[in-house]
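Those letters in the sequence shown? Residues -18 to 42, per my numbering, in order. Backbone N, C-alpha and C define an ideal beta-carbon position, used for all residues, glycine too. A quick note: this is a predicted structure, and the numbers were derived from the prediction, not measured.
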Amino acid sequence: MPIKVERILFRVGEGSLAVTLPKAWVIYNRLKPGDKVEVIVNDGVTVHIKKKPGAGDEAES
-18 MPIKVERILF RVGEGSLAVT LPKAWVIYNR LKPGDKVEVI VNDGVTVHIK
32 KKPGAGDEAE S
């Protein structure tokens, strides 16, 4: 599901900036507030979904 969007940074607190994730990507990946993502910062930024406990365990049983 390739998506390319432009986002505007906004201030959170006194020293942090934040960016929103595309709604279609959030829905596609079934993410909810409180879910964790991993952010990897190199020359750019990559966001990975952290596996939820129990996700995929059904296939292994």
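#1: Tell me the DSSP secondary structure of Ala40 in three-state form.
#2: Out of curiosity, what's the CA-to-CA distance linking Lys17 and Gly25?
#3: Please tell me whether Arg11 and Val0 are closer than 8 Å, where the distance is taken between their beta carbons.
#4: Determine the extent of the alpha helix (DSSP H) in which Ile8 is found, giving its start and end residues.
#5: Can you grab the Cα-Cα spacing for the pair Ile(-16) / Leu2, in whole Å?
By the coordinates alone:
#1: With a pLDDT of 44 at Ala40, under the threshold of 50, the modelled position of that residue is not reliable, and no figure is offered here.
#2: 20 Å
#3: no
#4: Lys4 to Tyr9
#5: 11 Å
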